[in-house]
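> So the protein lines, in turn, are chains A and B. The first sequence: position 49 = 48 (numbering that gives the first Met the number 0), numbered continuously. The second sequence: position 22 = 21 (numbering that gives the first Met the number 0), numbered continuously. Encoded as structure tokens, here's the structure I'll be asking about.
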Amino acid sequence: MDGESVTTYNGFLKRRWNISLWAGFAIVVLSLISYIPVFALLPITRDVPWVNYLLFVLGGVLLAIGLKRAYREPDRYRGKISGPILSVLSLLIAGFFVLGILVLTKQLPASSGAPHVGQPAPQFTLANIDGKQIALADLLKGHQGVILIFYRGYW
Amino acid sequence: MRGFEKHLNEFHQHGIEVAAISVDSPQESNHLCQSRGYTYPFLSDPNAEVIRRYGILHPKAGENGRDIARPAEFFVDSAGVIRWVNLTDDLRIRARPEAALDVILRQIGG
Numbered sequence: 000m001d002g003e004s005v006t007t008y009n010g011f012l013k014r015r016w017n018i019s020l021w022a023g024f025a026i027v028v029l030s031l032i033s034y035i036p037v038f039a040l041l042p043i044t045r046d047v048p049w050v051n052y053l054l055f056v057l058g059g060v061l062l063a064i065g066l067k068r069a070y071r072e073p074d075r076y077r078g079k080i081s082g083p084i085l086s087v088l089s090l091l092i093a094g095f096f097v098l099g100i101l102v103l104t105k106q107l108p109a110s111s112g113a114p115h116v117g118q119p120a121p122q123f124t125l126a127n128i129d130g131k132q133i134a135l136a137d138l139l140k141g142h143q144g145v146i147l148i149f150y151r152g153y154w
Numbered sequence: 000m001r002g003f004e005k006h007l008n009e010f011h012q013h014g015i016e017v018a019a020i021s022v023d024s025p026q027e028s029n030h031l032c033q034s035r036g037y038t039y040p041f042l043s044d045p046n047a048e049v050i051r052r053y054g055i056l057h058p059k060a061g062e063n064g065r066d067i068a069r070p071a072e073f074f075v076d077s078a079g080v081i082r083w084v085n086l087t088d089d090l091r092i093r094a095r096p097e098a099a100l101d102v103i104l105r106q107i108g109g
């Protein structure tokens with residue numbers, strides 16, 4: 000009884016989950032989110048994030064395989080809808096990453112007014128984390144010198 | 000900054016102090032030092048006056064268009080003279096402590 004709908008149901012089940020689409024997308028996401036906590040901390044992958052670029056390529060290859068399956072063998076594989084969506088998202092993610100690396104982090108002023116080697120260092124007195132006033136001279140006291148690290152702040 | 004903390008002993012062994020400066024308040028810097036384990040001095044320049052004096056202001060680059068410092072490192076010798084300047088052209092790329100120490104030691108002949 001109701002044999003036809005059972006066949007249809009089985010037929011639907013036979014269409015396999017298109018794993019390479021999702022694996023490709025997962026690798027692309029992983030590449031984006033891993034840069035700051037992992038690869039930016041390692042000297043060999045910080046300046047040129049080649050591991051992340053390789054992950055994007057790998058993700059792209061898997062997505063391409065998944066798309067091919069979804070469209071060439073639609074009877075066997077799913078992904079005609081999810082495939083293009085995941086692919087477009089992946090392209091946006093990779094594009095954002097490359098833009099960030101090549102352009103956004105380089106938007107720094109030239110700072111041509113910064114003192115040069117051989118010039119006296121501008122004096123200062125600033126509060127430390129305990130609120131105590133510390134002058135440049137205090138930092139130099141008993142030392143050969145001091146490295147001043149200016150940073151953007153954790154606003 | 001993490002790297003400088005890691006190599007802090009080497010700097011101290013060569014008589015070199017390390018200090019960080021930003022527009023963050025002492026409270027914010029205190030929080031940062033606690034959470035990241037930084038032990039060298041962190042100084043607060045809330046109005047970016049010193050940052051301006053060092054010519055490294057990044058106007059309106061902070062939260063709510065606040066003026067902040069662009070990343071930069073200076074080495075000041077015991078006579079108060081600048082002996083090494085590192086102005087990165089990329090936010091991601093900061094001075095490596097080992098390389099900085101090498102250059103500085105060569106500069107001061109230590």
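All C-beta atoms in this analysis are idealised placements derived from N, C-alpha and C, irrespective of residue type, glycine included.
Which same chain residues, not among the five before or five after Arg69/B, have their C-beta less than 6 Å away from its C-beta?
Taken in chain order, the residues that qualify are Ile55, His57.
> Can you list, in chain order, the residues of its chain with a C-beta nearer than 6 Å to that of Leu138/A? Leave out the 5 residues immediately preceding and following it.
Contacts found: Val145.
> Determine the contact status of Arg91/B and Thr104/A, defining contact as a CB-CB distance below 8 Å.
The answer is yes: Cβ separation under 8 Å.
> With 7 Å as the C-beta to C-beta threshold (strictly closer), list the residues of the stretch 30 to 44 of chain B near chain A in chain order.
Here the close residues are Leu31, Cys32, Pro40, Phe41, Leu42, Ser43, Asp44.
> Which residues does DSSP pair with Asn85/B in a beta bridge?
DSSP, once it has assigned bridges, lists Glu72/B as partnering Asn85/B.
> Within the same chain, show all residues whose beta-carbon is closer than 8 Å to that of Arg75/A, passing over the 5 residues directly before and after it, in chain order.
Result list for Arg75/A: Lys13, Arg14, Arg15, Arg68, in chain order.
> Compute the beta-carbon to beta-carbon distance between Tyr39/B and Ala19/B, rounded to the nearest angstrom, for a pair I have assumed lies under 8 Å.
Rounded, the Cβ-Cβ distance is 7 Å, consistent with contact.
> Going residue by residue through the stretch 6 to 72 of chain B, where are the continuous beta strand (DSSP E) segments of at least 3 residues, counting only ones entirely within it?
Within the stretch 6 to 72 of chain B, the complete beta strand (DSSP E) runs of at least 3 residues are 15 to 21, 41 to 43.
> Does DSSP put Phe3/B in a helix, a strand or coil?
It is helical.
> Give me, in chain order, the residues of the same chain whose beta-carbon lies closer than 7 Å to that of Leu61/A; leave out the 5 immediate sequence neighbours on both sides.
If we look at Leu61/A and ignore the five residues flanking it on each side, its Cβ neighbours are Ser19, Ala22, Gly23, Ile26.
> Report the option in Glu9/B, Ser34/B, Lys5/B, Glu16/B whose CA atom is closest to the CA atom of Tyr153/A.
Closest option to Tyr153/A, Cα to Cα, is Ser34/B.
> Closer than 9 Å between beta carbons: that is the criterion. Which residues of the stretch 69 to 81 of chain B meet it against chain A?
From the stretch 69 to 81 of chain B, only Arg69, Pro70, Ala71, Glu72, Phe73, Phe74, Val75, Asp76, Ser77, Ala78, Gly79, Val80, Ile81 have a Cβ closer than 9 Å to chain A.
> Checking contacts by CB at 8 Å: is Leu90/B closer than that to chain A?
Yes - at least one Cβ of chain A is within 8 Å of the one on Leu90/B.
> Of the choices Tyr150/A, Leu41/A, Arg45/A, whose alpha-carbon is the least far from that of Leu101/A?
Checking every option, the nearest Cα to that of Leu101/A belongs to Arg45/A.
> In angstroms, rounded to a whole number, what distance separates the CA positions of Leu98/A and Gln106/A?
Rounded to the nearest angstrom, the two C-alpha atoms are 12 Å apart.
> Are the C-beta of Leu86/B and some C-beta of chain A separated by less than 8 Å?
Yes, contact with chain A.
> Closer than 9 Å by beta-carbon distance: list the chain B residues that pair up with Leu41/A, in chain order.
Going along chain B, no residue has its Cβ under 9 Å from Leu41/A, so there is no contact; the nearest lies around 12 Å.
> Answer yes or no: do Gly59/A and Ser30/A have a C-beta to C-beta separation smaller than 8 Å?
No. Outside cutoff.
> Could you check the C-alpha separation between Gly79/B and Pro119/A for me, to the nearest Å?
When rounded, the distance between both Cα atoms is 6 Å.
> What in chain B is Cβ-close to Leu139/A, meaning under 9 Å?
Here the neighbours are Glu16, Val75, Asp76, Ser77, Ala78, Gly79.
> Exposed or buried, what is Ala94/B when buried is set at 16 or more other beta-carbons lying within 10 Å of its beta-carbon?
Classification of Ala94/B: buried, given that the 10 Å Cβ count is 16 or more.
> For my contact list, Ile107/B and Gln143/A are in at a C-beta cut-off of 8 Å; report their separation, rounded to the angstrom.
Right, the Cβ-Cβ distance comes to about 6 Å (below 8 Å), so this counts as a contact.
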